[in-house]
Amino acid sequence: MIFFRLLLLVLTVSPYIIFAQSSELDKRVDSVLRLMTLEEKVGQLHQLSSDFVATGPITKDGDKQDRVRQGKVGSYLNVTGAARTRSLQEIAMQSRLRIPLLFAQDVIHGYRTIFPIPLAEAASWDIAAMEQTARVAAIEAAASGIHWTFAPMVDIARDPRWGRVMEGAGEDSYLGSRIAAARVKGFQGKGIGSIDAVMACAKHFAAYGAAEGGRDYNTVDMSLRKLYEVYLPPFKAAKEAGVSSFMNSFNDLNGVPATGSSFLQRKLLKGDWTFKGIVVSDWGSIGEMVNHGYATDLKDAALIAMRAGSDIDMESRAYSAHLSQLIKEKKVDTALINDAVKRVLYKKFELGLFDDPYRFSDEKREQAVWNNTTHLQVAREMARKSIVLLKNEVVPAVNKPLLPLNKGDNKKIALVGPLVKAIGDNNGFWSYSWPDDSSRVVSLWQGVTNKLAGATSLTYAKGCDISGADTTGFASARQTATAADLIIVSVGESATMSGEAKSRSQLQLPGVQEQLVKEMVATGKPVVVLISAGRPLVFNWIADNVPAIVYTWWLGTQAGNAIADVLFGDYNPSGKLPITFPRNEGQIPIYYNYLSTGRPFKSDTDNTYVTAYTDLPNSPRYVFGYGLSYTSFQYGAVQLNTNTLSKDQKLQAKITVTNTGKYAGEEVVQLYMQDVVASIVRPVRELKAFEKVLLKPGESREITFTLDARDLSFYNDNLELVAEPGTFHLYIGGNSQATQKASFTLL
Ligand code: BGC
Numbered sequence: 105m106i107f108f109r110l111l112l113l114v115l116t117v118s119p120y121i122i123f124a125q126s127s128e129l130d131k132r133v134d135s136v137l138r139l140m141t142l143e144e145k146v147g148q149l150h151q152l153s154s155d156f157v158a159t160g161p162i163t164k165d166g167d168k169q170d171r172v173r174q175g176k177v178g179s180y181l182n183v184t185g186a187a188r189t190r191s192l193q194e195i196a197m198q199s200r201l202r203i204p205l206l207f208a209q210d211v212i213h214g215y216r217t218i219f220p221i222p223l224a225e226a227a228s229w230d231i232a233a234m235e236q237t238a239r240v241a242a243i244e245a246a247a248s249g250i251h252w253t254f255a256p257m258v259d260i261a262r263d264p265r266w267g268r269v270m271e272g273a274g275e276d277s278y279l280g281s282r283i284a285a286a287r288v289k290g291f292q293g294k295g296i297g298s299i300d301a302v303m304a305c306a307k308h309f310a311a312y313g314a315a316e317g318g319r320d321y322n323t324v325d326m327s328l329r330k331l332y333e334v335y336l337p338p339f340k341a342a343k344e345a346g347v348s349s350f351m352n353s354f355n356d357l358n359g360v361p362a363t364g365s366s367f368l369q370r371k372l373l374k375g376d377w378t379f380k381g382i383v384v385s386d387w388g389s390i391g392e393m394v395n396h397g398y399a400t401d402l403k404d405a406a407l408i409a410m411r412a413g414s415d416i417d418m419e420s421r422a423y424s425a426h427l428s429q430l431i432k433e434k435k436v437d438t439a440l441i442n443d444a445v446k447r448v449l450y451k452k453f454e455l456g457l458f459d460d461p462y463r464f465s466d467e468k469r470e471q472a473v474w475n476n477t478t479h480l481q482v483a484r485e486m487a488r489k490s491i492v493l494l495k496n497e498v499v500p501a502v503n504k505p506l507l508p509l510n511k512g513d514n515k516k517i518a519l520v521g522p523l524v525k526a527i528g529d530n531n532g533f534w535s536y537s538w539p540d541d542s543s544r545v546v547s548l549w550q551g552v553t554n555k556l557a558g559a560t561s562l563t564y565a566k567g568c569d570i571s572g573a574d575t576t577g578f579a580s581a582r583q584t585a586t587a588a589d590l591i592i593v594s595v596g597e598s599a600t601m602s603g604e605a606k607s608r609s610q611l612q613l614p615g616v617q618e619q620l621v622k623e624m625v626a627t628g629k630p631v632v633v634l635i636s637a638g639r640p641l642v643f644n645w646i647a648d649n650v651p652a653i654v655y656t657w658w659l660g661t662q663a664g665n666a667i668a669d670v671l672f673g674d675y676n677p678s679g680k681l682p683i684t685f686p687r688n689e690g691q692i693p694i695y696y697n698y699l700s701t702g703r704p705f706k707s708d709t710d711n712t713y714v715t716a717y718t719d720l721p722n723s724p725r726y727v728f729g730y731g732l733s734y735t736s737f738q739y740g741a742v743q744l745n746t747n748t749l750s751k752d753q754k755l756q757a758k759i760t761v762t763n764t765g766k767y768a769g770e771e772v773v774q775l776y777m778q779d780v781v782a783s784i785v786r787p788v789r790e791l792k793a794f795e796k797v798l799l800k801p802g803e804s805r806e807i808t809f810t811l812d813a814r815d816l817s818f819y820n821d822n823l824e825l826v827a828e829p830g831t832f833h834l835y836i837g838g839n840s841q842a843t844q845k846a847s848f849t850l851l
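No gaps in the numbering here: position 688 of the sequence shown is 792 in this note's numbering, and each next residue is one more.
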C-alpha cells in the first residue's frame, strides 16, 4: 500500500508535472508555429535594437515600428523602462498572430542599483552574494519589462590588456564555473515565468577571452583540449544551471568564426550538451563573417549562421533580408528554421507572454523596486566584499599597520586624486546612467564624509585628471596634503577605459596619476592609495613605496560608503584576486595554473637556462587568490582520510584555520591540486575547491573538503575526461601559493 502511495506521489509530483507541462508547452508552441507564414517565422529570428545605446552601428532602415506591426521582429534590445516596453508591446499586439516581443538588455552588474563590476564581485569569492546581486538586478529589470539579460559573461580571461576582463569572473575555470552557475540562478530566480525573473545568457560562445594580443574581436587559435579544459567549463556550468540562452562570439576559433561554427553550436552545445534554449548572435556578428572572409555576402552569412545553429540574428539584418529566399531556394532546410523559431516561442510561452504580454512592464512595480533601500544595502555589502587589500604595512610612528584608520585618530585627512569626487566612474562600463545618478551614486568623498560625520576635518584636492599630462593641480594638492595628518589618494581608470573595445597595450595608471602619488609620498605623510579600475593595472612604484594599497575596482552605486567601511574598519576586507596582477605587460598572458615545463623556473633571482625573462622576475606582482585582511590566519597541517584513493572513493582533506589577529575576519580557504605525472602535461597546480569562513579573533575552524575522481580528471588527447592513476599533491592556503601540502595516490 505504502509502495503504491509512493508511486502515486512520484508520478503525480515532479516527473509527471514536468512531463505534462512540457508536452502541453510543445503543443502550444506547435499550434502557433503551424499558423505562421515563412515571413513571420523569420521575424521571430530578427532582433532589433532601439536607438538608445549601442555597441555597434545601428542600421537605419525604415520604420521599425511598422516592422513590429507586421510581425517581422521577434525581439528587441535596449528598450528601457516599463512605459516604453509596454508601448512597443502594444504595437506587437497589432500584428496578425499577436506574438509578443522579447525585450533584452545588457543587465551586466545591476540595472538601476549598480553593483560592482563582475570582476570585482568575483574577488569576493562569495557565491551566495553574487547570486543575490544577480537576483536584485533581475527584480529591477523585470519590473521594467525586460525579459532577457545578456549576462553572465563567462569568458575566461588571462590577459588584462583585454578590456572585457572587467565583465567576467577572471582567469580560473573552477571559480568561473561556480560564479557562472550562481549568476544564472540569480537572474532566473525561481524560474522563467516568475514575475521577477529574467532569462540569463551565457556569453560569448566561445573562447572570446583568448583574443590574440588581448585585442578585442581578434583571432583565437587554441587546441581543442585547452578549449575543453579551460574555456568551456563555465559555459557548461551555466548550461547545467538551466541558462535560457547562449550568445555566440565575434572571434574566429581556429579559423572558423564562432557565429558560423557548427562545431560549437550544433555539435557541442545543441548536440553533446543537449541545450534546448536560444542561441543569439552577437551584435552584427553574422554580417561580420563577410569581413572575416568566411562568407561572400550577407546572404551567404545568413546561410552559414543558420546552418551552424545561430537562432537569432542580432542587428545584422541577414536573416530578415535573406532567410526566406534561402528557404525558397532550398538552401536552408525548413526544419532548421522551425527549430530556431520553436526555441524562441518556447521561451515566450515560459515567460507567460502569450497569456499576458504586458505582465512584466509595470510602472508601479518599477517605481517600488527601483527605490528599494534593501537593494542599496545589498549593493553596499557586495561592494565591501569585492575590495581587495593589497598592502598594509606597519607604520613606524604608531607601530601598527596603517589600516584600518581609527575614526578619531587623524585630525585632518586629505582626500586627493581625480576619482575622489567621481560619480559615474564608480559604475564602470556596462551600466546605464540614470538622471538622478549624481544624488544616488555615493562618491568616495561622500562616503568618507558620511562615515566621519564632521568629527574629522576633510580636505580635498583633485591634483590631476585621470588622463592627460596636466600637472598644474599638483601644487595645490601638495599644499592640501602637507596640511593634513594623513593622505588618501584615489586614482585609477575612468569607466570607459575597461570594457568592450577597450583593450590597452599599457596597463600603467593613465596620465600623470602615478606622479601625483609620488608627490603625495614626498610630503612624508602616511599615504593610502585606492585604485579604481576595470582590470589589473601595473603600478610597481606604488606597490614598492606606499604603505597601504586598496584595490577597489569599480564598485557601483554604493562605492563611497563601501570604501569608507573598509578604510575605517567597519568592514574587514576579505577579497582575493580572481586574476593575476602582472609586473608589466611583457609577462602577459600570465596565470597561476600554467603547465609544467622541461626547464622550470627556479626563483626570481636564478634565471639561467630556465623558462624566465632576463630582465624581469617570473613571479607576478600579486598572485591569483591573494588578498590581505586586518587580521591574520594560520593554517594547520593538511590531513587526508587516505593516502591511496580508489576511483569510486571520496577524498577528504581537512585543515584547521585559526584567526590569530585582533579582528574578526573572513578567509577564503583555497585548495589546489597537482597531478604529478599524466599522459598530458598538467598545470603546476589548479584550484579545485574553496570555502569562505568567518572567524572571530582566536577562533579555529576545521574545514573539510571532499573531492572525487571527477575533481582529479582532465581531458586527454582524445578529449575524454579521465582521472589517471598516480600521485597527486594537494595544497591548502589563503592564495595560489599555498604551502600546506599533502600527497596521495589514485589507484
Ligand atoms: C557585445 C555583447 C552585447 C551586445 C549587445 C555586443 O557588442 O559583445 O556582449 O550583449 O553587444 O549590446
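Here a beta-carbon is modelled for each residue, glycine too, at the ideal position from N, C-alpha and C.
Distance cut-off 6 Å: residue i Cβ against heavy atoms of the ligand BGC
{"i": "Trp229", "result": "no"}
{"i": "Phe350", "result": "no"}
{"i": "Trp377", "result": "no"}
{"i": "Trp266", "result": "no"}
{"i": "Trp387", "result": "yes"}
{"i": "Phe737", "result": "no"}
{"i": "Asp210", "result": "yes"}
{"i": "Phe291", "result": "no"}
{"i": "Phe339", "result": "no"}
{"i": "Phe207", "result": "no"}
{"i": "Phe685", "result": "no"}
{"i": "Phe794", "result": "no"}
Burial state of residue i (16 or more Cβ within 10 Å)
{"i": "Ser707", "result": "exposed"}
{"i": "Asn858", "result": "Lying outside 105 to 851, the shown extent of the chain, residue 858 is not represented and no answer is given."}
{"i": "Tyr734", "result": "buried"}
{"i": "Gln471", "result": "exposed"}
{"i": "Gly837", "result": "buried"}
{"i": "Ser179", "result": "buried"}
{"i": "Lys294", "result": "exposed"}
{"i": "Asp386", "result": "buried"}
{"i": "Thr831", "result": "exposed"}
{"i": "Arg109", "result": "With a pLDDT of 42 at Arg109, under the threshold of 50, the modelled position of this residue cannot be trusted, and the question is left open."}
{"i": "Tyr675", "result": "buried"}
{"i": "Lys754", "result": "exposed"}
{"i": "Ala237", "result": "Strictly speaking, residue 237 in this sequence is Thr, with Ala absent from that position. Thr237 should be labelled buried."}
Closest residue to residue i among the options (Cα-Cα distance)
{"i": "Asp589", "options": "Lys516, Ser580, Thr576", "result": "Lys516"}
{"i": "Pro686", "options": "Gly214, Tyr713, Tyr730, Ser678", "result": "Tyr730"}
{"i": "Asp546", "options": "Pro640, Leu659, Ser847, Gly596", "result": "Note on identity: in this sequence residue 546 is Val, with Asp being the wrong assignment. Checked all of Pro640, Leu659, Ser847, Gly596; the closest Cα to Val546 is Leu659."}
{"i": "Ala585", "options": "Gly596, Leu562, Ser607, Glu604", "result": "Leu562"}
{"i": "Leu137", "options": "Arg447, Lys434, Lys435", "result": "Arg447"}
{"i": "Asn554", "options": "Leu775, Pro721, Asn665, Ser154", "result": "Asn665"}
{"i": "Ser847", "options": "Glu597, Phe794, Val781", "result": "Val781"}
{"i": "Leu720", "options": "Asn688, Lys289, Phe367, Asn747", "result": "Asn688"}
{"i": "Glu63", "options": "Asp210, Val772, Lys800", "result": "No answer is possible for residue 63: the residues shown for the chain start at 105 and end at 851."}
C-beta atoms of residue i and residue j nearer than 7 Å
{"i": "Ser281", "j": "Pro338", "result": "yes"}
{"i": "Ala422", "j": "Leu449", "result": "no"}
{"i": "Val654", "j": "Ala227", "result": "no"}
{"i": "Tyr278", "j": "Ala245", "result": "no"}
{"i": "Ala345", "j": "Asn355", "result": "no"}
{"i": "Ile218", "j": "Thr661", "result": "yes"}
{"i": "Ile441", "j": "Lys145", "result": "yes"}
{"i": "Phe309", "j": "Asn352", "result": "yes"}
{"i": "Gly596", "j": "Gly456", "result": "no"}
{"i": "Leu681", "j": "Phe643", "result": "no"}
Inter-stretch contact (C-beta, 8 Å, three-pair minimum) for the segment 702-716 and the segment 330-347 = Judged by Cβ distances under 8 Å, the segment 702-716 makes no contact with the segment 330-347, as fewer than three pairs qualify.
query = How about the segment 631-643 and the segment 521-536: do they share at least three Cβ pairs that are nearer than 8 Å?
reply = The segment 631-643, when compared against the segment 521-536, does touch it at the 8 Å Cβ threshold.
request  = Determine contact between the segment 443-461 and the segment 129-143, defined as no fewer than three beta-carbon pairs at a distance below 8 Å.
outcome  = These segments touch.
ask   = So does the segment 480-491 actually touch the segment 715-727, counting three or more Cβ pairs closer than 8 Å?
value = Contact between the segment 480-491 and the segment 715-727 is not established, with fewer than three Cβ pairs separated by less than 8 Å.
query = Is it true that the segment 561-576 meets the segment 246-256, where meeting means three or more beta-carbon pairs spaced less than 8 Å apart?
reply = Segment contact: the segment 561-576 against the segment 246-256, fewer than three CB-CB distances shorter than 8 Å; contact not assigned.
inquiry  = Would you call the segment 798-808 in contact with the segment 299-316, where contact means no fewer than 3 C-beta pairs closer than 8 Å?
reply    = Segments in contact, no.
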